[in-house]
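Below is one structure, written out as structure tokens; comments come after it.
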Amino acid sequence: MQVTILGYYGGYPTNDVGTSAYLIQSDGYNLLMDAGSASLLALEHHIDPLDLDAVLLSHYHHDHIADLGVLQFTRQLKRTEKGDRAPLLSVYGHSEDQEAFRKTTLEEVSQGIDYTKEDSVTIGPFDVTYLKTLHPVPCYAFKIVERVTGKTLVYTADSGYLEAFLPFAEGADLLITDTNLFKGMEGHSVHMTSKECGYIANKSNIDQLVLSHLPQKGNLDLLREEAAAEAPNTRVMLAEKHLKISI
Ligand SMILES: [Zn+2]
Ligand SMILES: [Zn+2]
Numbered sequence: 002m003q004v005t006i007l008g009y010y011g012g013y014p015t016n017d018v019g020t021s022a023y024l025i026q027s028d029g030y031n032l033l034m035d036a037g038s039a040s041l042l043a044l045e046h047h048i049d050p051l052d053l054d055a056v057l058l059s060h061y062h063h064d065h066i067a068d069l070g071v072l073q074f075t076r077q078l079k080r081t082e083k084g085d086r087a088p089l090l091s092v093y094g095h096s097e098d099q100e101a102f103r104k105t106t107l108e109e110v111s112q113g114i115d116y117t118k119e120d121s122v123t124i125g126p127f128d129v130t131y132l133k134t135l136h137p138v139p140c141y142a143f144k145i146v147e148r149v150t151g152k153t154l155v156y157t158a159d160s161g162y163l164e165a166f167l168p169f170a171e172g173a174d175l176l177i178t179d180t181n182l183f184k185g186m187e188g189h190s191v192h193m194t195s196k197e198c199g200y201i202a203n204k205s206n207i208d209q210l211v212l213s214h215l216p217q218k219g220n221l222d223l224l225r226e227e228a229a230a231e232a233p234n235t236r237v238m239l240a241e242k243h244l245k246i247s248i
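Heads up, the sequence shown is in this note's numbering, so the first residue is 2 and it goes up one at a time.
Here you go:
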């Protein structure tokens, strides 16, 4: 599978970079994971938004769903080159916030699907399991397995540190973490630090770690070094707009 980072800031966009959004592709299938601010414009550099097959949402904070509405309008208003409407878009969200979940459905455009109904959900070529995170609103981390290859992506979504991430992320080919904080703030109830993300990568035997949901202020090279110091056997990268990683 190929993962493309469309936006990586936590909270708000700045300097032409948006907030959380990732394009996950396998065998012609296009899944958008989180739909942060400016993600639609970033997505267009890679595919026509009409070619998206599904959207998967971790939670309903603005920095993860800001572009969902304009994505729905794109699918409602834009036509393919042949003049056809886009097919109904599957939008996978949780239903613990009923009002937000209702907005994932727009008649003849998108259909909201509650992924917490079963222990796992099949989304095209992927099997997806989830883990509730530590966050002020209900939020879920995802383990996304490409069925044909067994390759695995784990995404912590937004979370403070949880012991449960260790077994959840075990052996993943790629881990994307919420690294909104520098070392020294460990035990925070909303986000993780560089040190905690590196610790998870090391304990879970992660090949590649991408630090994401990054802060707008501070020395990001230092953030990376702090994480890398905890995970000597892991390739540790900072998220970058349009960065593509194949696993
Ligand atoms: Zn966030
Ligand atoms: Zn959040």
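Every residue gets a Cβ at the ideal spot worked out from N, C-alpha and C, and that includes glycine.
Quick check on residue i: buried or exposed, where buried means 16 or more other Cβ atoms within 10 Å of its Cβ?
i: F74; result: exposed
i: K118; result: exposed
i: K196; result: buried
i: Y9; result: buried
i: N220; result: exposed
i: D159; result: buried
i: E100; result: exposed
i: L176; result: buried
Give the range of the alpha helix (DSSP H) segment to which residue i is assigned.
i: T75; result: 69–78
i: K204; result: 195–204
i: E147; result: From DSSP, E147 is part of no alpha helix (DSSP H) but of the beta strand (DSSP E) over 141–147.
i: A55; result: Here A55 belongs to no alpha helix (DSSP H); instead the beta strand (DSSP E) covers 55–57.
i: L167; result: 166–170
i: I66; result: 63–66
i: L163; result: Unbroken run through L163: none, as it is neither H nor E.
i: S40; result: 40–44
When the Cα of residue i is compared with those of the options, which residue comes out closest?
i: K144; options: S21, I25, Y10; result: I25
i: E82; options: T153, R148, Y61, L51; result: L51
i: V191; options: Y30, G8, T180; result: T180
i: G161; options: L135, M186, V149; result: L135
i: S111; options: H243, V56, L215, D28; result: V56
i: D35; options: F127, L58, L107, A142; result: L58
i: G125; options: G29, E226, H243, A229; result: G29
i: T76; options: A87, G70, D68, Q217; result: First, the amino acid is wrong: residue 76 is Arg here, not Thr. Comparing Cα positions, the closest option is A87.
i: K245; options: V237, S40, H47; result: H47
i: D120; options: K133, H62, E109, G113; result: K133
i: E151; options: E241, P137, G172, G188; result: The sequence shown places Gly at residue 151, rather than the Glu named in the question. When only C-alpha atoms are compared, the closest one is G172.
i: E187; options: A22, S205, A228, G94; result: A228
i: A170; options: H189, P139, L239, V129; result: V129
Run through the DSSP bridge pairs and tell me what residue i is partnered with.
i: T15; result: V18
i: D115; result: G94
i: M238; result: V211
i: S280; result: The shown model of the chain, from 2 to 248, leaves out residue 280, and the question about it has no answer.
i: T105; result: None, per the DSSP bridge assignment.
i: L223; result: The partner list for L223 (beta bridge, DSSP) is empty, contrary to what the question assumes.
i: Q3; result: Q26, S247
i: T153; result: V146
i: Y10; result: T20, L215
Assuming residue i and residue j make a contact with CB atoms under 8 angstroms, what is their CB distance in whole Å?
i: T1; j: L182; result: Only positions 2 to 248 of the chain appear in the structure, and residue 1 is not among them; the question remains open.
i: N32; j: L44; result: Here the sequence assigns Leu to residue 32, which means Asn is not the residue at that position. Rounded, the Cβ-Cβ distance is 11 angstroms, inconsistent with contact.
i: L154; j: V4; result: 6 angstroms
i: N203; j: T157; result: That belief does not hold up - the Cβ atoms of N203 and T157 are roughly 15 angstroms apart, past 8 angstroms.
i: T185; j: A230; result: Here residue 185 is Gly; the residue named in the question, Thr, does not match the sequence. Not confirmed; about 13 angstroms, so no contact.
i: H63; j: Y141; result: Contact doesn't hold; Cβ gap of about 17 angstroms is too wide.
With respect to the beta strand (DSSP E) encompassing residue i, which residues constitute its N-terminal and C-terminal limits?
i: E97; result: Where E97 is concerned, there is no enclosing beta strand (DSSP E), given that its DSSP letter is neither H nor E.
i: D128; result: 127–133
i: D35; result: 30–36
i: I124; result: 121–124
i: S247; result: 245–247
i: L176; result: 175–182
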